[in-house]
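Protein chains in written order, with this note's numbering: chain S, 2 to 115; chain A, 17 to 128. Beta carbons are placed, not taken as given, at the ideal position from N, Cα and C, and that holds for glycine. Structure first, commentary second.
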Amino acid sequence: DAMVIQNPRYQVTQFGKPVTLSCSQTLNHNVMYWYQQKSSQAPKLLFHYYDKDFNNEADTPDNFQSRRPNTSFCFLDIRSPGLGDAAMYLCATSSARAVNQPQHFGDGTRLSIL
Amino acid sequence: RKEVEQDPGPFNVPEGATVAFNCTYSNSASQSFFWYRQDCRKEPKLLMSVYSSGNEDGRFTAQLNRASQYISLLIRDSKLSDSATYLCVVRPLSGGYNKLIFGAGTRLAVHP
Numbered sequence: 002d003a004m005v006i007q008n009p010r011y012q013v014t015q016f017g018k019p020v021t022l023s024c025s026q027t028l029n030h031n032v033m034y035w036y037q038q039k040s041s042q043a044p045k046l047l048f049h050y051y052d053k054d055f056n057n058e059a060d061t062p063d064n065f066q067s068r069r070p071n072t073s074f075c076f077l078d079i080r081s082p083g084l085g086d087a088a089m090y091l092c093a094t095s096s097a098r099a100v101n102q103p104q105h106f107g108d109g110t111r112l113s114i115l
Numbered sequence: 017r018k019e020v021e022q023d024p025g026p027f028n029v030p031e032g033a034t035v036a037f038n039c040t041y042s043n044s045a046s047q048s049f050f051w052y053r054q055d056c057r058k059e060p061k062l063l064m065s066v067y068s069s070g071n072e073d074g075r076f077t078a079q080l081n082r083a084s085q086y087i088s089l090l091i092r093d094s095k096l097s098d099s100a101t102y103l104c105v106v107r108p109l110s111g112g113y114n115k116l117i118f119g120a121g122t123r124l125a126v127h128p
């Protein structure tokens, strides 16, 4: 059974039209992450939540926002998508209750911009 | 310099071959190390953690050399199903709880 679920798997939006990607987890992990991955590149961390505390990476554009209404759900909002935002967006979770824990990824949402 | 560097490949090997991937990391204070596998257009999946003493999981052996800041992955008796991109992943001491730094990956193609 999938433990980190991302919806939708594929998302097409228009240039400049806001879009929201969602992630849910059944692992009860207190840390949730959003990554952007472009073709043949490493996943790039955008931000993460430690419980309700939001931690933004220094180079994440203001265009990207996130919400975490409860432990299970986390959303990625792209306010005005540009062509350069077309990528795979990956949600991951980990437990902060023990050190050195790996991250568990969802299937990803592939975003296309028209 | 990238924080985690890998040879992008591709490594093209026949079934049954032994292949080794290398990875270097720049932050000497890094404390955890992993290999992830990523299939084309899929999410990364944990292959194995890497321990200081080296560790083995079936056909896969991981080694860590802290002095040289170097990690390796050895795959013995390659299978067609091993074809994927292998991501070297490092957890730095600082920078957010359980934050991971990913390499860009090494592509492996195993052919009949």
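{"Query": "Going straight from the alpha carbon of L96(A) to that of H127(A), what length do you get?", "Result": "6 Å"}
{"Query": "What are the residues that DSSP puts in a beta bridge with Y90(S)?", "Result": "Q37(S), T110(S)"}
{"Query": "For G83(S), which residues in chain A fall below 8 Å Cβ to Cβ?", "Result": "Near G83(S) there are no residues of chain A at all, since even the closest Cβ is about 22 Å away, more than 8 Å."}
{"Query": "Is Q12(S) close to chain A? Criterion is C-beta to C-beta, closer than 8 Å.", "Result": "no"}
{"Query": "Where does D63(S) fall in DSSP's three states?", "Result": "coil"}
{"Query": "Answer yes if the region 19 to 26 of chain A comes into contact with the region 76 to 84 of chain A, meaning at least three C-beta pairs across the two stretches below 8 Å, and no otherwise.", "Result": "no"}
{"Query": "Which residues of the region 51 to 68 of chain S have a Cβ closer than 7 Å to any Cβ of chain A? Give them in chain order.", "Result": "Y51, N56"}
{"Query": "Which of the three DSSP states, helix, strand or coil, is assigned to L115(S)?", "Result": "coil"}
{"Query": "Residues of chain S with a CB under 9 Å from the CB of L116(A): which are they?", "Result": "Y34, P44, L46, A93, S95, P103, Q104"}
{"Query": "What are the residues in the region 74 to 87 of chain A lying within 7 Å of chain S by C-beta distance?", "Result": "none"}
{"Query": "Any idea if P30(A) is buried or exposed, counting beta-carbon neighbours within 10 angstroms, 16 or more meaning buried?", "Result": "exposed"}
{"Query": "For my contact list, F55(S) and F48(S) are in at a C-beta cut-off of 8 Å; report their separation, rounded to the angstrom.", "Result": "6 Å"}
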